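The next block holds one structure in the form of structure tokens; read it before the comments.
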Amino acid sequence: MIEVYRGTWVVAYRELLRFVRDRSRIAASVTFPLLFLAIFGAGFTNVVGAMTGGVDLIQFMYPGLIAMSIVTSALAAGISVVTDRQEGFLREILVAPLSRAGIVFGKTTGAAAVGLVQAGLLLAIAPLLGVSLTFYQAVKVIPIAIMLSLGIAGLGILLSSFAQTQQGVQMLIQLLVFPLVFLAGVFFPVDSVPLWMEILSKANPVTYGVDAIRQILLGADIAGLGVTVFGHIMTLGNEVLIIGGLAAILLTAAVWRFTRKE
Amino acid sequence: MVEAVHLERRFGALEAVRDVSFQVSAGEVFGFLGPNGAGKTTTINMLCTLLTPTTGTATINGFDVVADPTEVRRSIGLVFQQPTLDESVTAEQNLLFHAYAYGMSAKRRKDQIHRLLSLVGLWDRRLDSVRNFSGGMRRRLEIARGLLHEPRVLFLDEPTLGLDPQTRRRIWEYLTELRERDDLTIFLTTHYMDEAEHCDRVAVIDHGQIVALDTPDRLKAQVGGDVVTMSTPLPEQAAEEVRRRYSLVPAVDGTTVRFQVADGDKFLPDFVRSFGHPLEAIALRRPTLDDVFLHHTGREIREDENPAAPSGRLGRRWRRR
């Protein structure tokens, strides 16, 4: 058990150390969602105008952008594993007295921590962009952010076991980021899109992460902007269960794959 | 300290390691000598828990590599053939990570990092990023890291591959010092003959099998005496004379004839006086591990190397320096 615990914190510590030393990555991780906000926000606000319930587009998109930055930074856990393998450092980790599960937990926890830092930065600058939120709302986002990043980081590590090179895993991840993010109701309410898109979006677990954060920031009664599944409007509780379950499944699968492969 | 019993590893149809058995006692320097692809790294990977043996067992410090990998990992330090440093951080941070991973206490961490960085001459560079280190500095840092948690056995996979002779000599100075001070067991693989000379015992491995295992001196004694090399304008005829008159087994390579003979220094004066063919040069030397490999496999160790490496006569001369 001690090997699981030590593996988790040692590997997570290193992930954070690498993130902190990589200034360009920190800058890019915050700029990227803001770029989306600027382009989509400016492009659509005048066309779309206010949405149902007096919510404007920036307010609607902002929770989605937080989820988006969590998803992208969590998937990077997969890139990190392949980079370590390519640079040889993975062998140093594998031959240390750490459990394989601990190594996977460390990579995912590290990615979750990075995702959390980014989400925190986005929450901190939200008031400057006209998105009002209270401190209590921001705190409530944290557990959602953690569960979402753990699950998606598990997915990233799962993917890393199918790719040989850093370029390979980057392509795989890019291929996955687009549907995961664009079909998650970040930019438009999933109840008001064409049917094929609605089905894909509702099958995408990230949708419920986005909506959970949105319900926390905009309130539960965002009429017409929530997610309806088989006539049932998803509550925050439902969505926490989905994200939590997803995290458990993906982490287990990642540990299983990693232990078998390495 | 290290024991392998009928160790085998297959990759599909390829038998990388075939029925390898040996024992290494505490404090011994044990070498695996063989060409690239002979199964050296595969064996090390099995001993270090990175690869599961197909059949056979191995124990390190009394722990089975399959049943008790965590205890095995705690007992060993590793220096890999390819670099395994984290280039994005400093030398000291690389060691710190290692210390955390092995659960070392704060005091021991501090003492050991200071002791080992000083030993390998990198204490002054501890705050520099590994990215700016030369190949020799990286290898020295890896050795320091491999020894940080005070392992009982240090595994070195081609520890001086690609390093210049001066750096190779320095690394061996460190290893000798460590061994004398800490009673460390060292297990290394190499295809450098001079490096194998540092070992107490050498296992000659070829095509996944151990073909000979003994001290370097006794291995050389098995070859059957000293090596005589002569240059002559008529190599075939000269070889025939050696074969006929002395019942020896000469080998011809260009204008060079080579053969082995017991007590070469007594043999040579008579031989030169009475030899019937013209001689341009003649040399006598003690057998090297190179000759041992040739003796057991019929090939020179470098023949399996990639073509970019020095080959043929040049390569041999270079190796014997």
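Each protein sequence line maps, in turn, to chains A and B.
Heads up: the first sequence runs through residues 1091 to 1352, numbered per the working numbering.
Heads up: the second sequence runs through residues 136 to 456, numbered per the working numbering.
No residue lacks a Cβ here, since even glycine has one placed at the ideal position from N, Cα and C.
Predicted model only: the values in this text are computed from it and were never measured.
Item	Value
For D259 of chain B, which beta-bridge partners are listed by DSSP?	According to DSSP, D259 of chain B bridges with nothing at all.
Run through the DSSP bridge pairs and tell me what V365 of chain B is partnered with.	Note that residue 365 of chain B corresponds to Met in the displayed sequence, not to Val. Answer is B:V392, B:I417, bridged to M365 of chain B.
Could you please give the first and the last residue of the uninterrupted alpha helix (DSSP H) stretch that includes F146 of chain B?	Counting along the chain, F146 of chain B falls outside any alpha helix (DSSP H), though it belongs to the beta strand (DSSP E) covering 137 to 146.
Against G238 of chain B, what residues of chain D qualify as contacts under a CB-to-CB distance less than 7 Å, listed in chain order?	Although the question refers to chain D, the structure presented lacks it and instead comprises the protein chains A and B.
When you compare each of A:L1218, A:M1237, A:P1295 to F1272 of chain A by their alpha carbons, which one comes out closest?	A:P1295
Determine the burial state of P442 of chain B: buried for a count of at least 16 other Cβ atoms within 10 Å of its Cβ, exposed for fewer.	For P442 of chain B, the predicted model reports a pLDDT of 40, less than 50, meaning its position is unreliable and no value from the coordinates is stated.
For the beta strand (DSSP E) containing L186 of chain B, name the first residue and the last one.	Run containing L186 of chain B: none; DSSP gives neither H nor E here.
For the stretch 1192 to 1224 of chain A, enumerate the residues whose C-beta is nearer than 9 Å to any C-beta of chain B, in chain order.	none
In or out: V384 of chain B buried (at least 16 other Cβ within 10 Å) or exposed?	exposed
Going by beta carbon distance, what residues of the same chain come within less than 6 Å of T192 of chain B, once the five residues before and after it are set aside?	V140
In three-state DSSP terms, what is D154 of chain B?	strand
Which chain B residues are close to F1179 of chain A, counting only those with a beta carbon under 8 Å from its beta carbon?	T219, L220, D221
If we call anything under 9 Å between Cβ atoms a contact, is V427 of chain B one with L354 of chain B?	yes
Can you pull out the residues from the stretch 181 to 192 of chain B whose beta carbon lies closer than 9 Å to at least one beta carbon of chain A?	C183, T184, L185
Take H342 of chain B and list the residues in its own chain whose beta-carbon comes closer than 7 Å to its own, dropping the five residues that flank it on each side.	A173
Compare the Cα-Cα distances from G169 of chain B to each of B:T367, B:I345, B:R250 and report the closest residue.	B:I345
Could you tell me which of B:V155, B:R208, B:V164, B:T219 sits nearest to D318 of chain B, measuring between CA atoms?	B:V164
Check P442 of chain B in the structure and name its three-state DSSP category.	Because P442 of chain B sits at a pLDDT of 40, beneath the cut-off of 50, its placement in the model cannot be relied upon, and the following sentence gives the value as read from the coordinates. Three-state result, P442 of chain B: coil.
Starting from the beta carbon of R1108 of chain A, find every residue of chain B whose beta carbon is closer than 7 Å, and list them in chain order.	S223
Step through the CB atoms of chain B and report whether any lies within less than 9 Å of the CB of Y1103 of chain A.	yes
For V1161 of chain A, which residues in chain B fall below 7 Å Cβ to Cβ?	The premise fails here: V1161 of chain A is roughly 24 Å from chain B at the closest Cβ pair, so nothing lies under 7 Å.
Out of A:Q1227, A:L1212, A:S1163, A:L1240, which has the shortest C-alpha to C-alpha gap to G1334 of chain A?	A:L1240
Given a cut-off of 9 Å, decide if Y309 of chain B and R275 of chain B are closer than it, judged by their beta-carbon atoms.	yes
What is the DSSP secondary structure of Q216 of chain B, counted as helix, strand or coil?	coil
Would you decide whether G1246 of chain A is buried or exposed? Buried here means 16 or more other CB atoms lie within 10 Å of its CB.	buried
Per DSSP, which residues does A193 of chain B bridge with? Please list them.	B:A139
Hey, out of B:P188, B:T176, B:P351, whose CA is closest to V201 of chain B's CA?	B:P188
When you compare only the Cα positions, how much space is there between E293 of chain B and V339 of chain B?	15 Å
Which term fits K1351 of chain A, buried or exposed, when burial requires 16 or more other beta carbons within 10 angstroms of its beta carbon?	exposed
Within its chain, find whatever has a CB closer than 7 Å to the CB of S1251 of chain A; leave out the 5 residues flanking it on each side and keep chain order.	R1347, F1348, K1351
Consult DSSP for Q1256 of chain A and reduce its assignment to one of helix, strand or coil.	helix
Given a cut-off of 9 Å on the beta-carbon distance, is the pair A161 of chain B and T350 of chain B in contact?	no
Rounded to a whole number of angstroms, what is the C-alpha to C-alpha distance between D425 of chain B and W307 of chain B?	20 Å
For chain A, check one thing: does any of its Cβ atoms lie closer than 9 Å to the Cβ of F268 of chain B?	no
For H1322 of chain A, list the residues DSSP reports as bridge partners.	A:V1319
With a cut-off of 9 Å, does the C-beta of A1186 of chain A fall near any C-beta of chain B?	yes
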